[in-house]
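For the protein sequence lines, the chains are V and A, in the order given. Using my numbering, you'd call the opening residue of the first sequence number 24 and step up by one each time. Using my numbering, you'd call the opening residue of the second sequence number 24 and step up by one each time. Here a beta-carbon is modelled for each residue, glycine too, at the ideal position from N, C-alpha and C. Source: prediction; values computed, not measured. Everything below concerns the one structure shown next.
2 protein chains.
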Amino acid sequence: MKTIRNPRPSTWSALSQRPVKDATSLNEQVAGVYSAIASDGDDALRRFIASFEGRLADRLLLPKKALDSGAVNATAKEKAAVDMAYEAIYAAQVSQVLPEPASVFTQPGVEVWAERRPIEKVGLYIPGGTAPLVSTVLMLGIPARIAGVRQVIIATPPLSDGTLSPILCYALQKVGAETVLLAGGMQAIAAMAIGTTSVPKVDKICGPGNQYVVAAKQYAQTIGVAIDMPAGPSEVMVIADETAEPSFVAADLLSQAEHGTDSQVVLATTSVDILRRTKQEIVRQLKVLPRADVANQALKNSLFVLFDDIDPAIEFANEYAPEHLILSVKQARDVSRRVVNAGSVFLGNYSPESAGDYASGTNHTLPTNGWSRTYSGLSVDSFSKWVYFQELSKDGLRSISGTIDVLATSEGLEAHNQAVKVRFAGDKRNV
Amino acid sequence: MKTIRNPRPSTWSALSQRPVKDATSLNEQVAGVYSAIASDGDDALRRFIASFEGRLADRLLLPKKALDSGAVNATAKEKAAVDMAYEAIYAAQVSQVLPEPASVFTQPGVEVWAERRPIEKVGLYIPGGTAPLVSTVLMLGIPARIAGVRQVIIATPPLSDGTLSPILCYALQKVGAETVLLAGGMQAIAAMAIGTTSVPKVDKICGPGNQYVVAAKQYAQTIGVAIDMPAGPSEVMVIADETAEPSFVAADLLSQAEHGTDSQVVLATTSVDILRRTKQEIVRQLKVLPRADVANQALKNSLFVLFDDIDPAIEFANEYAPEHLILSVKQARDVSRRVVNAGSVFLGNYSPESAGDYASGTNHTLPTNGWSRTYSGLSVDSFSKWVYFQELSKDGLRSISGTIDVLATSEGLEAHNQAVKVRFAGDKRNV
Numbered sequence: 024m025k026t027i028r029n030p031r032p033s034t035w036s037a038l039s040q041r042p043v044k045d046a047t048s049l050n051e052q053v054a055g056v057y058s059a060i061a062s063d064g065d066d067a068l069r070r071f072i073a074s075f076e077g078r079l080a081d082r083l084l085l086p087k088k089a090l091d092s093g094a095v096n097a098t099a100k101e102k103a104a105v106d107m108a109y110e111a112i113y114a115a116q117v118s119q120v121l122p123e124p125a126s127v128f129t130q131p132g133v134e135v136w137a138e139r140r141p142i143e144k145v146g147l148y149i150p151g152g153t154a155p156l157v158s159t160v161l162m163l164g165i166p167a168r169i170a171g172v173r174q175v176i177i178a179t180p181p182l183s184d185g186t187l188s189p190i191l192c193y194a195l196q197k198v199g200a201e202t203v204l205l206a207g208g209m210q211a212i213a214a215m216a217i218g219t220t221s222v223p224k225v226d227k228i229c230g231p232g233n234q235y236v237v238a239a240k241q242y243a244q245t246i247g248v249a250i251d252m253p254a255g256p257s258e259v260m261v262i263a264d265e266t267a268e269p270s271f272v273a274a275d276l277l278s279q280a281e282h283g284t285d286s287q288v289v290l291a292t293t294s295v296d297i298l299r300r301t302k303q304e305i306v307r308q309l310k311v312l313p314r315a316d317v318a319n320q321a322l323k324n325s326l327f328v329l330f331d332d333i334d335p336a337i338e339f340a341n342e343y344a345p346e347h348l349i350l351s352v353k354q355a356r357d358v359s360r361r362v363v364n365a366g367s368v369f370l371g372n373y374s375p376e377s378a379g380d381y382a383s384g385t386n387h388t389l390p391t392n393g394w395s396r397t398y399s400g401l402s403v404d405s406f407s408k409w410v411y412f413q414e415l416s417k418d419g420l421r422s423i424s425g426t427i428d429v430l431a432t433s434e435g436l437e438a439h440n441q442a443v444k445v446r447f448a449g450d451k452r453n454v
Numbered sequence: 024m025k026t027i028r029n030p031r032p033s034t035w036s037a038l039s040q041r042p043v044k045d046a047t048s049l050n051e052q053v054a055g056v057y058s059a060i061a062s063d064g065d066d067a068l069r070r071f072i073a074s075f076e077g078r079l080a081d082r083l084l085l086p087k088k089a090l091d092s093g094a095v096n097a098t099a100k101e102k103a104a105v106d107m108a109y110e111a112i113y114a115a116q117v118s119q120v121l122p123e124p125a126s127v128f129t130q131p132g133v134e135v136w137a138e139r140r141p142i143e144k145v146g147l148y149i150p151g152g153t154a155p156l157v158s159t160v161l162m163l164g165i166p167a168r169i170a171g172v173r174q175v176i177i178a179t180p181p182l183s184d185g186t187l188s189p190i191l192c193y194a195l196q197k198v199g200a201e202t203v204l205l206a207g208g209m210q211a212i213a214a215m216a217i218g219t220t221s222v223p224k225v226d227k228i229c230g231p232g233n234q235y236v237v238a239a240k241q242y243a244q245t246i247g248v249a250i251d252m253p254a255g256p257s258e259v260m261v262i263a264d265e266t267a268e269p270s271f272v273a274a275d276l277l278s279q280a281e282h283g284t285d286s287q288v289v290l291a292t293t294s295v296d297i298l299r300r301t302k303q304e305i306v307r308q309l310k311v312l313p314r315a316d317v318a319n320q321a322l323k324n325s326l327f328v329l330f331d332d333i334d335p336a337i338e339f340a341n342e343y344a345p346e347h348l349i350l351s352v353k354q355a356r357d358v359s360r361r362v363v364n365a366g367s368v369f370l371g372n373y374s375p376e377s378a379g380d381y382a383s384g385t386n387h388t389l390p391t392n393g394w395s396r397t398y399s400g401l402s403v404d405s406f407s408k409w410v411y412f413q414e415l416s417k418d419g420l421r422s423i424s425g426t427i428d429v430l431a432t433s434e435g436l437e438a439h440n441q442a443v444k445v446r447f448a449g450d451k452r453n454v
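Here is the structure:
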């Protein structure tokens with residue numbers, strides 16, 4: 024738990040560096056998996072499942088019947104929780120779908136407009152194994168459905184007996200899952216990126232995963248398959264003033280730290296007292312946590328920064344560009360307007376990151392590793408793109424033909440000019 | 024000019040393959056440039072300008088005075104053309120900026136909303152040399168300005184004497200250029216991605232370029248700098264029925280073919296007569312083109328496909344996912360609604376690609392190489408991102424705490440649960 028007092032802005036960039044991992048050997052492994060699946064398809068996929076997941080993959084896709092019978096076994100409590108989270112996420116995600124803009128005439132006879140189109144085929148990756156991420160099924164499946172994606176493949180590694188937990192089946196049913204690939208890791212990503220006899224090839228792959236999954240997604244880009252965003256370990260920054268409650272702040276930091284030993288945890292505070300008491304609370308709360316070992320490891324890389332004033336704390340957050348930013352400060356709404364770089368922001372003392380992870384409705388698939396400077400969190404936009412259109416009348420084209428002539432000439436592209444001139448070649452009045 | 028009649032859908036994917044280039048040796052060269060600029064900054068940049076651009080870079084940035092005095096020398100005709108293109112592009116780009124959505128309460132006391140933020144620092148690349156792309160200055164600079172980007176660096180290789188053409192200076196002035204880096208190629212991209220004493224480091228790099236620029240942009244991503252989109256050679260597909268005019272179609276195909284020897288040109292038509300006459304027109308028009316050699320080379324990779332009906336032609340276009348799609352067909356508006364995968368679409372006989380390249384108002388920075396399946400063309404969105412917010416009251420958090428409990432438990436993340444429970448620990452009524 025490194026503590027720094029009023030670091031100068033010139034040091035912020037260095038303080039914001041996340042640990043760098045060398046992925047060279049990983050990339051060679053990934054290339055091998057892709058090449059094998061490209062030549063041997065399902066057979067190669069089965070071999071990798073056997074060696075990496077330690078299972079005999081008698082079936083690659085989950086039959087509809089197995090999904091339905093699995094879902095039936097979810098408890099009433101589990102179903103109610105999934106239902107409530109589904110409603111919240113659906114309401115929030117659909118509210119952020121903006122209407123298509125009206126067309127404009129940039130000149131009389133020159134009409135220009137944009138239309139949104141769903142991406143046709145997407146693959147969603149749900150990390151799994153012993154603790155499958157039920158919430159991620161909702162976070163990915165709901166916006167894909169709202170966008171109107173025609174074909175959704177959901178890949179997740181099953182339990183050792185090849186089944187999925189009842190609550191996971193129920194969540195998959197909720198998002199209307201039709202094709203569920205029972206595989207994880209590099210092999211699942213490669214199968215969706217390339218396509219096999221059993222697994223449809225997709226246009227884009229979304230979802231979180233470990234370093235193997237991340238490397239396999241990056242590789243997918245090199246063969247023309249898009250991905251949602253670059254990824255790194257999860258992270259939270261808390262900005263706390265004297266109105267914060269140390270036990271809450273400590274719990275928020277720990278909920279991030281338990282994700283993995285490489286999780287990033289940062290506290291920026293204006294109060295010496297809050298800093299001291301939060302550290303005490305961390306020690307106290309750690310004792311009862313089942314994943315205390317993981318959290319302890321993550322806390323070794325944590326950063327505690329004391330600022331004299333709230334302003335540099337906000338500026339520091341914008342430099343760090345955290346995935347999650349909790350504003351445990353007075354007038355959090357005002358402060359939030361000055362946040363430029365963050366994935367998801369939590370205002371006040373009763374908005375823990377856990378709320379956004381599961382049930383407030385915001386998406387939990389967010390840019391890490393400083394990418395919130397340029398990327399948005401996952402949304403319906405991630406499953407759509409815009410197509411731009413224009414329709415010109417003959418007079419409309421004539422009205423901009425002089426402009427095209429000058430610009431095409433300046434760029435030495437005469438055929439661009441001719442494509443306009445040929446359309447007026449037979450006219451008495453040439454352009 | 025390969026001609027195919029009614030290809031079966033099973034062959035479309037293969038027909039849609041673009042030529043693949045091996046970039047391995049390029050990538051090593053790029054890595055070398057990055058490493059040198061990372062250690063030697065401006066000195067390395069100057070060395071690369073000397074060796075790659077063959078100039079002595081006495082100045083790296085264009086002084087404001089030089090920009091102003093250059094712009095003064097633009098002719099009245101040039102200024103009028105830039106002004107008109109500016110107005111059209113501005114009007115179209117700003118019309119596509121959608122208002123921020125209203126916040127929603129996903130439960131009483133659980134408020135969720137999204138706010139748009141400009142990306143803070145961007146680098147725009149303008150290919151140049153003998154024929155600088157004046158239009159690209161507008162296509163990149165205008166949306167960056169509308170988005171509210173705080174710092175825009177525009178990089179372009181100058182003429183051999185280190186100056187920029189008057190029309191280019193005028194266009195730069197129009198978009199409010201403040202920092203103009205007089206360099207091109209890998210060295211310009213690397214300098215903006217890393218930052219040097221003279222060149223500010225940027226968060227994102229946008230703009231077209233040759234294979235060196237593309238490789239350098241891809242490398243930028245590996246060090247945390249975003250790019251607008253993957254890139255490949257430019258391409259056009261024309262869908263023509265019997266109402267098309269062969270001389271127009273030929274001119275449109277040639278205007279794409281003159282871009283570069285690797286340009287992709289595809290005609291899908293339902294009319295044998297149009298096909299035959301278009302080929303004749305291509306031969307005729309080629310004779311008078313200054314860049315006939317380039318166009319001729321590009322035409323060798325072109326594809327002419329004859330379909331019995333318009334429906335498979337549209338489906339084929341969606342499989343091919345062209346950068347530019349011209350619909351020279353009757354009822355083009357109806358047909359356009361069935362286009363799913365294309366960057367920019369041109370309707371009817373008087374909407375040549377040249378219109379969109381310069382002055383209709385749509386952006387000409389578009390996804391190539393099949394990426395229109397998943398990417399949109401450049402827009403104000405390319406210079407912005409969304410930040411997501413939530414604010415919960417204590418009762419709001421209480422209302423979703425049961426859901427968080429069940430889901431966090433199912434995922435084995437107890438600290439996530441504790442971050443909620445601690446907030447009600449002192450209450451008589453626990454959650």
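Taking a Cβ-Cβ cut-off of 7 Å, aspartate 45(V) has no neighbours in chain A, whose nearest Cβ is about 12 Å from it. With a cutoff of 9 Å on beta-carbon distance, phenylalanine 271(A) and asparagine 29(A) are scored as not near each other.
Non-local C-beta neighbours of valine 198(A) in its own chain, meaning closer than 7 Å and more than five positions away in sequence, comprise Val160, Leu161, Gly164, Ile165, Arg168, ordered along the chain. The beta carbon of proline 32(V) does not come within 9 Å of any beta carbon belonging to chain A, so the residue lies off that interface. Here proline 124(V) has Trp136, Ala137 as same chain residues with Cβ atoms under 8 Å from its own Cβ, once five neighbours each way along the sequence are excluded. Its chain contains Ile60, Ala61 as the residues whose beta carbon lies nearer than 6 Å to that of isoleucine 217(A), once the 5 sequence neighbours on both sides are disregarded; these appear in chain order. Residues of the segment 379-396 of chain V with a Cβ closer than 9 Å to any Cβ of chain A, in chain order: Gly379, Asp380, Tyr381, Ala382, Ser383, Gly384, Thr385, Asn386, Leu389, Pro390, Asn392, Gly393, Trp394, Ser395, Arg396. Restricting attention to Ala170(V), Phe71(V), Asp106(V), Ala37(V), the CA atom closest to the CA of leucine 401(V) is found in Ala170(V). Listed along chain V, the residues sitting closer than 7 Å to valine 410(A) by beta-carbon distance are Val362, Ala365, Val368.
DSSP places methionine 252(V) in the coil class of the three-state scheme, outside both helix and strand.
The residue from Gln413(V), Pro335(V), Gly208(V), Asp184(V) with its alpha-carbon nearest to that of alanine 178(V) is Gly208(V). Judged by their CB atoms, aspartate 418(A) and glycine 132(A) are nearer to each other than the 9 Å cut-off. The Cβ atoms of asparagine 324(V) and glutamine 287(V) sit closer than 9 Å to each other. Interface annotation for the segment 278-303 of chain A against chain V: Ser278, Gln279, Ala280, Glu281, His282, criterion Cβ-Cβ distance under 9 Å.
Residues of the segment 211-235 of chain A with a C-beta less than 8 Å from any C-beta of chain V: Asp226, Lys227, listed in chain order.
Only those residues of the segment 88-102 of chain V whose C-beta falls short of 8 Å from the nearest C-beta of chain A are listed: Lys100, Glu101. The alpha-carbon of threonine 202(A) is positioned some 46 Å away from that of alanine 274(V). Here methionine 260(V) is bridged, per DSSP, to Val289(V), Leu348(V).
If you check each beta-carbon in the segment 129-144 of chain A against every beta-carbon of chain V, the ones closer than 7 Å belong to Thr129, Gln130, Val133, Val135, Ala137, Arg140, Ile142, Glu143. Boundaries around valine 127(V) are those of the beta strand (DSSP E), 127-130, since no alpha helix (DSSP H) includes it.
Collapsing the DSSP output to three states places phenylalanine 447(A) in a helix. In the structure shown, leucine 370(V) falls within a strand segment according to DSSP collapsed to helix, strand and coil. Identification of chain V residues near phenylalanine 330(A) by a Cβ-Cβ cut-off of 7 Å yields none; the smallest Cβ-Cβ distance measures about 21 Å. Rounded to the nearest angstrom, the gap between the Cα atoms of alanine 94(A) and valine 236(A) is 27 Å.
When the Cα atoms are used, glycine 435(A) and leucine 156(V) turn out to be separated by approximately 9 Å. Under the criterion of beta carbons closer than 8 Å, leucine 348(A) and valine 362(A) qualify as touching, at roughly 6 Å.
With fewer than 16 other Cβ atoms inside 10 Å of its own Cβ, alanine 73(A) counts as exposed.
Remark: C-beta atoms of leucine 68(A) and alanine 206(A) approach each other more closely than 9 Å. For arginine 78(V), not one C-beta of chain A is nearer than 9 Å to its own C-beta. Counting of Cβ neighbours within 10 angstroms places alanine 249(V) among the buried residues, the total reaching 16 or more. When C-alpha distances from proline 253(A) are compared across Ala280(V), Phe369(V), Thr245(V), Gln279(V), the shortest belongs to Thr245(V). Chain-ordered, the chain V residues with CB closer than 9 Å to the CB of serine 158(A) read Leu430, Ala431, Ser433, Glu434. The beta carbon of threonine 391(A) is closer than 7 Å to those of Ala254, Gly255, Pro256, Ser257, Glu258, Glu346 in its chain, skipping five residues each way along the sequence. In its chain, beyond the 5 residues on either side, Ala263, Asp264, Glu265, Ala267, Pro269, Val272 have a beta carbon closer than 8 Å to the beta carbon of isoleucine 297(V).
Sequence-distant partners of alanine 355(A) (beyond 5 residues in either direction) whose C-beta falls short of 7 Å from its own C-beta, in its chain, are Leu370, Gly371. Within the same chain, Ile190 come within 6 Å of glutamate 101(A) by CB-CB distance, once the 5 residues on both sides are set aside.
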